[in-house]
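Remember, the numbering used here sits 9 above the position in the sequence shown when you count from 1.
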Amino acid sequence: MSLFNLKTWVYYYVALLKRLGVLRFSLLLAVAIISADSALQILLTIYFDEPLSIAGASRSILIGLLITPWAVYFLTVVVGDLEEARAHLDNTVATLKEMRQKERLKTHELEKEIIERKTSQQKLVEAASLLKSFLNTSPDLVFHRDLKSRFVSCNKATEMLTGKTEKELIGLTPFDLFPEDYAHQAVVRDQTVKKQQKEQIHEHWLHFPNGKKAYFEVRTLPLFNSESVCIGIIGFGRDITERKKHQESIDKNIRDKTDFISSIGHELRTPLNGIVGLSRMLLDEQLTSEQMKYLKTIHISAISLGNIFSDIINLDKLDRNRLKLATNNINMLDFIGDLKSLTFIQTEQKGLTFKFEQCGDFPDTIETDDTRLRQVLWNLLSNAVKFTQTGTITIRCSCYPLNRNQVELCFEVEDSGIGIPEDQLDKIFAMYYQVEGNTFATGTGIGLAVTSKIAQAMGGVISVKSKLGEGSTFKLTLAVNFPAKEHQEQQIKYNLPKLSILLVEDIELNILVATSLLEKLGHKVDSAINGAQALNKFAHNTYQLILMDIQLPDMNGYQVTQKLREIHGHKLPPIVALTANVFADSKGFLDQGMDGALGKPLSVNSFNSMIQKLFVPADKHQKTDSVLKIQQRVQQTNTLFDQEMLLELMAFLPTPVILENIVLFEKLLPEYLEILDSNMIAKDQKGIVNEAHKIKGAAGSVGLKRIQGIAQQLQSPDLPAWWDNIDDWVELIKSEFPKDITALKKWVVANGK
10 MSLFNLKTWV YYYVALLKRL GVLRFSLLLA VAIISADSAL QILLTIYFDE PLSIAGASRS
70 ILIGLLITPW AVYFLTVVVG DLEEARAHLD NTVATLKEMR QKERLKTHEL EKEIIERKTS
130 QQKLVEAASL LKSFLNTSPD LVFHRDLKSR FVSCNKATEM LTGKTEKELI GLTPFDLFPE
190 DYAHQAVVRD QTVKKQQKEQ IHEHWLHFPN GKKAYFEVRT LPLFNSESVC IGIIGFGRDI
250 TERKKHQESI DKNIRDKTDF ISSIGHELRT PLNGIVGLSR MLLDEQLTSE QMKYLKTIHI
310 SAISLGNIFS DIINLDKLDR NRLKLATNNI NMLDFIGDLK SLTFIQTEQK GLTFKFEQCG
370 DFPDTIETDD TRLRQVLWNL LSNAVKFTQT GTITIRCSCY PLNRNQVELC FEVEDSGIGI
430 PEDQLDKIFA MYYQVEGNTF ATGTGIGLAV TSKIAQAMGG VISVKSKLGE GSTFKLTLAV
490 NFPAKEHQEQ QIKYNLPKLS ILLVEDIELN ILVATSLLEK LGHKVDSAIN GAQALNKFAH
550 NTYQLILMDI QLPDMNGYQV TQKLREIHGH KLPPIVALTA NVFADSKGFL DQGMDGALGK
610 PLSVNSFNSM IQKLFVPADK HQKTDSVLKI QQRVQQTNTL FDQEMLLELM AFLPTPVILE
670 NIVLFEKLLP EYLEILDSNM IAKDQKGIVN EAHKIKGAAG SVGLKRIQGI AQQLQSPDLP
730 AWWDNIDDWV ELIKSEFPKD ITALKKWVVA NGK
């Protein structure tokens with residue numbers, strides 16, 4: 010410690026005062042002062058060589074005693090102040106230390122929070138990146154639009170669809186990307202989502218930049234912020250082209266099934282119609298009772314077979330909701346008489362007793378589908394006879410008025426047959442169901458199911474009551490209308506003209522039946538067995554009506570009609586189609602250039618209605634002038650490629666160049682076909698024609714004549730049955746073009762230079 014450091018002496022002095030206390034320190038200080046003064050006196054005396062006196066010593070003691078209290082007091086006060094200052098300083102230091110400690114804790118917490126925030130931000134960035142990657146890898150469209158339908162963001166799938174990057178899409182609206190009609194629909198849906206805050210779903214064909222089409226199911230939903238306020242629209246689009254294609258495949262199978270049943274119907278109904286028609290005509294002749302019995306059996310058997318076939322046809326119609334009802338006027342006296350006759354014939358053959366009961370007055374005429382009503386009652390009657398070995402068949406007919414224009418008809422068919430177990434009553438109208446343990450149950454099991462559905466389509470109900478071993482009662486209840494009096498009077502008033510008719514039909518049996526019926530009605534009939542003969546006969550004779558079969562050996566009825574119109578113009582008489590197609594729609598025949606259509610076998614009522622429509626002046630209908638413009642099919646050669654064109658081309662170009670062109674076509678064709686498939690699924694005829702035109706041009710440029718010819722058919726929608734054949738043509742191109750290209754390459758190499 011330095012002796013000249015005042016701060017050190019002060020610390021020492023204060024420490025000594027605190028250790029000794031004020032009294033002892035004062036005594037010690039007094040002694041020190043006296044000693045110091047005495048020492049000073051001695052030193053001065055010695056220095057000045059003077060003698061040491063008592064007075065001097067006393068003076069030193071007195072001075073020490075006088076100075077000490079004031080020095081002690083002063084020092085004590087100073088020390089107290091210093092001590093107080095020191096204590097305050099200690100408190101301040103302690104407070105600062107505490108504050109520093111708190112600041113350290115806060116700093117630590119802040120650093121921890123910053124670290125956590127950085128970690129959260131990093132995780133958020135990673136999650137956003139992961140979500141973006143996930144959305145970009147999704148094949149579904151994902152997009153975000155603001156409330157003004159401007160794009161804000163999207164995923165890669167949306168970029169591929171629009172052909173623009175996300176940055177390029179930002180700020181664009183649907184009007185900048187899609188056709189105007191679809192863009193307008195999209196904006197309207199966005200506004201609907203905003204207002205209703207509900208999901209909107211729609212399906213639409215969307216176009217890729219390369220021309221490919223895809224069928225998308227698009228869902229748009231409201232996008233909310235943390236305060237549940239709608240701030241935009243978020244959309245999701247799923248490519249359901251395969252599902253659409255699968256549905257189209259199902260529809261095509263249904264069409265094929267329909268065509269098959271139609272063809273079978275034509276083949277089966279032709280001989281069947283002959284049997285029914287001729288037997289019906291023979292029943293009007295004078296026959297012995299035994300001949301009449303046999304003939305009735307033939308007639309009823311043919312009708313029964315026709316009804317079974319009708320069940321099969323109706324089953325197909327009911328499956329696709331294509332069953333159509335025709336409203337006809339039924340003479341109830343004749344209808345009841347026919348019902349009695351049919352029942353009597355069936356019961357007589359099996360040795361059963363027949364009873365008929367009628368309750369209430371029936372109107373003279375009602376309006377309903379007489380064919381369907383007969384079919385329903387026939388099925389119920391046939392079942393009753395089938396399951397009754399001995400006993401009685403009873404038919405009860407009743408009629409109850411509903412209002413001024415309607416009555417309720419009730420037909421009950423009761424048998425005393427084997428009956429139906431109670432636990433199976435609710436199952437007998439199911440498709441293909443047959444009562445368990447029933448040894449008499451034969452057939453397909455569709456009769457009652459079809460009968461019930463037909464009754465429902467007519468607005469009626471079929472119910473059943475039965476006891477096992479005691480028999481069954483089936484009841485048909487149906488509300489029908491009265492026909493308008495004006496219509497009845499009009500039918501009576503009309504006097505139908507007798508016509509000169511050209512019948513175009515290739516089956517002799519059908520010609521015989523139809524000619525006999527028409528001649529009985531007073532008409533004069535000439536026949537032609539094919540299209541060429543029809544054209545020739547019309548050129549040399551005058552006819553007032555042409556009945557045209559559709560399926561002829563040399564050309565179809567539409568082609569004959571077209572040729573007649575091309576040659577004779579509008580001077581032709583009405584041309585009415587004859588068809589055994591049970592799915593025939595008269596509008597389709599009108600579109601093909603016919604003036605009407607009649608089913609086979611000819612029905613007197615339907616034929617007379619057609620004559621009335623076409624020839625009665627008071628009820629003329631404007632005949633259609635539309636003629637189907639059918640182009641001749643492109644003539645195809647058996648050669649796979651155009652050798653003449655290729656030889657000319659090879660005279661100017663080297664073989665490698667030609668082969669390169671073929672390879673390029675080979676690479677491009679699958680893409681063309683993919684786009685063509687999408688257009689076919691979308692049923693976009695214009696797109697199909699355009700893409701087929703590309704294929705035709707590309708195939709022609711490399712000499713693939715067969716592929717070019719098929720593509721020519723694909724791009725020609727005016728061809729007959731074009732839409733029905735395009736699937737087969739496309740499949741033919743897909744299956745044959747690899748072989749054709751391989752053969753073409755070999756031929757080019759073999760004939761090249």
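Glycine included, every Cβ here is placed at the ideal spot set by N, Cα and C.
Predicted, not measured: the structure shown is a model, and the values here were computed from it.
*Start and end residues, beta strand (DSSP E) containing I516*: Where I516 is concerned, there is no enclosing beta strand (DSSP E), because DSSP gives it neither an H nor an E.
*Got a sec, what are the start and stop residues for the beta strand (DSSP E) A759 sits in?*
Boundaries around A759 are those of the alpha helix (DSSP H), W731 to N760, since no beta strand (DSSP E) includes it.
_Alpha carbons only, please: which of L611, L655 and F598 is nearest the one belonging to V758?_
Out of L611, L655 and F598, L655 has the C-alpha closest to the C-alpha of V758.
*Could you please give the first and the last residue of the uninterrupted alpha helix (DSSP H) stretch that includes V625?*
Per DSSP, V625 is not a residue of any alpha helix (DSSP H), being assigned neither H nor E.
_CB of P372 within 8 Å of CB of F491, strictly_ = Taking 8 Å as the cut-off, the Cβ atoms of P372 and F491 count as close.
*Flag this pair as touching only if the region 398-408 and the region 362-369 have three or more C-beta atom pairs under 8 Å; answer yes or no.*
Taking 8 Å as the limit for Cβ pairs, the verdict is that the region 362-369 does touch the region 398-408.
_Exposed unless 16 or more other CB atoms sit within 10 angstroms - verdict on K533_ = The residue is exposed, with fewer than 16 neighbouring Cβ atoms inside 10 Å.
*Would you kindly report the start and end of the unbroken beta strand (DSSP E) that includes G709?*
Careful: G709 lies outside any beta strand (DSSP E), inside the alpha helix (DSSP H) at Q694 to V711.
*asked:* Could you pull the DSSP bridge partners for V416 from this structure?
replied: V416 pairs with P410 and V489.
*According to the Cβ coordinates, are I242 and D190 closer than 8 Å?*
Annotated as distal: I242 and D190, with beta-carbon spacing of 8 Å or more.
*Determine, using beta carbons only, whether I559 and A586 come nearer to each other than 8 Å.*
Yes.
_Assuming V513 and A537 are in contact, meaning their beta carbons sit under 8 Å apart, how far apart are those beta carbons, in whole angstroms?_
About 5 Å separates the two Cβ atoms, so the contact holds.
*Q1 - containing alpha helix (DSSP H), residue span*: Residue 1 lies beyond the stretch modelled for the chain, which goes from 10 to 762, so this question has no answer here.
*What are the complete beta strand (DSSP E) segments, minimum 3 residues, inside the region 162-204?*
The region 162-204 contains no complete beta strand (DSSP E) run of 3 or more residues.
*Between the Cα of P183 and those of H153, L658, S525 and Q209, spot the shortest distance and give me the residue it belongs to.*
Per the Cα distances, H153.
*asked:* So, with DSSP's three-state summary, where would you put K157?
replied: Note: K157 maps to coil in three-state DSSP.
*Leaving out the 5 sequence neighbours to the left and right, which residues in its chain are closer than 8 Å to E498 when beta-carbon positions are compared?*
Low confidence applies to E498: its pLDDT is 42, below 50, so where it sits in the model is not reliable, and the reading given next is rough at best. No residues qualify anywhere along the chain.
*What are the uninterrupted segments assigned as beta strand (DSSP E) that are 3 or more residues long and contained completely in the region 343-377, given in chain order?*
DSSP runs (the beta strand (DSSP E)) wholly in the region 343-377: 362-368 and 374-377.
*Check whether the region 714-730 touches the region 656-670, counting contact only when three or more Cβ pairs, one atom from each stretch, lie closer than 8 Å.*
They do not touch, by the three-pair rule.
*Contact between the region 378-392 and the region 462-473: three or more CB pairs below 8 Å?*
Contact between the region 378-392 and the region 462-473 is present, because at least three Cβ pairs lie under 8 Å.
_Let me confirm a value: E495 is counted as buried when at least 16 other C-beta atoms fall within 10 Å, else exposed. Which label applies?_
Here the model assigns E495 a pLDDT of 40, short of 50, so the residue's position is not dependable and the matter cannot be decided.
*Buried/exposed call for R381, threshold 16 Cβ in 10 Å*: Buried, because 16 or more other Cβ atoms sit within 10 Å of the Cβ of R381.
_Just to confirm the assignment, what range does the beta strand (DSSP E) spanning L557 have?_
Here residue 557 turns out to be Met, not Leu, going by the sequence shown. According to the DSSP assignment, M557 belongs to the beta strand (DSSP E) that extends over L554 to D558.
*DSSP on S525, reduced to helix/strand/coil?*
It is helical.
*Determine, using beta-carbon pairs with one atom in the region 141-150 and one in the region 163-176, whether at least three such pairs fall under 8 Å.*
Two segments are said to touch when three or more pairs of C-beta atoms, one from each, lie closer than 8 Å; by this definition the region 141-150 touches the region 163-176.
*V202 versus Q194 - alpha carbon distance*: Straight-line Cα distance between these residues: approximately 12 Å.
*Is the region 243-258 in contact with the region 481-491, if contact means three or more CB pairs nearer than 8 Å?*
When Cβ pairs closer than 8 Å are counted between the two stretches, the region 243-258 is seen not to touch the region 481-491, the count staying below three.
*asked:* Taking the straight line between their C-alpha atoms, what separation do you get for E423 and L411?
replied: E423 and L411 have their C-alpha atoms some 25 Å from each other.
*In angstroms with no decimal places, state the Cα-to-Cα distance between T116 and Q131.*
Cα to Cα, the separation comes out at about 22 Å.
*Buried or exposed: S298, going by 16 or more other Cβ atoms within 10 Å of its Cβ?*
In the assembly as shown, S298 is an exposed residue. Its beta-carbon has fewer than 16 other beta-carbons within 10 Å.
*What's the gap between the Cα of G180 and the Cα of P218?*
Approximately 20 Å between the Cα atoms of the pair.
*Would you mind working out which of F233, L178 and K176 sits nearest K204, comparing C-alpha positions?*
Selected option, being the one with the closest Cα: F233.
*Rounded Cβ spacing between G712 and L753 (contact assumed at less than 8 Å)*: Right, the Cβ-Cβ distance comes to about 7 Å (below 8 Å), so this counts as a contact.
*asked:* If the criterion is Cβ atoms closer than 8 Å, does the pair D563 and P583 meet it?
replied: Not closer than 8 Å, so no.
*Could you spell out the range, first to last residue, of the alpha helix (DSSP H) harbouring G531?*
DSSP places G531 outside any alpha helix (DSSP H), giving it a letter other than H or E.
*Just grab the DSSP bridge partners of L232 for me.*
In the DSSP output, where bridge partners are listed per residue, L232 has G241.
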